[in-house]
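Enquirer: Attaching a single structure in structure tokens format; questions to follow.
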Amino acid sequence: MFKENIENSRLNELLSTLVKYGFVIKISRGKYALPADLPTRIGLRHSAKIWIKKMR
2 MFKENIENSR
12 LNELLSTLVK
22 YGFVIKISRG
32 KYALPADLPT
42 RIGLRHSAKI
52 WIKKMR
């Protein structure tokens with residue numbers, strides 16, 4: 002959400018809870034974003050196998 006008025010106490014409380022549990026990242030005042038997806042171990046292994054095949 003960009004440039005939204007989050008001074009409303011209920012919305013502010015909800016966003017604070019989402020940030021606390023890691024579902025949302027607070028970028029700056031009034032700006033929130035979803036966290037980037039972190040690669041999983043299976044995805045990293047798969048990517049490494051493909052990269053090794055390309056390098057041969």
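Under this note's numbering, think of the first position of the sequence shown as 2, with each following residue one higher.
Don't be surprised by glycine CBs; every beta carbon is placed ideally from N, CA and C.
#1: Counting along the chain, where does the alpha helix (DSSP H) carrying residue 35 start and finish?
#2: Flag this pair as yes or no: are the beta carbons of residue 44 and residue 36 separated by less than 9 Å?
#3: With a CB to CB cut of under 8 Å and the five nearest residues on each side skipped, what residues in its chain are close to residue 3?
#4: Taking residue 20 and residue 26 to be in contact with their CB atoms under 8 Å, please state how far apart those CB atoms are, rounded to whole angstroms.
Expert: So, from the data block:
#1: Element bounds for residue 35: n/a, residue is neither H nor E.
#2: no
#3: Note that residue 3 scores 46 on pLDDT, short of 50, meaning its location in the model is unreliable; the coordinates nonetheless yield the value given after this. If we look at residue 3 and ignore the five residues flanking it on each side, its Cβ neighbours are 31, 32.
#4: 7 Å
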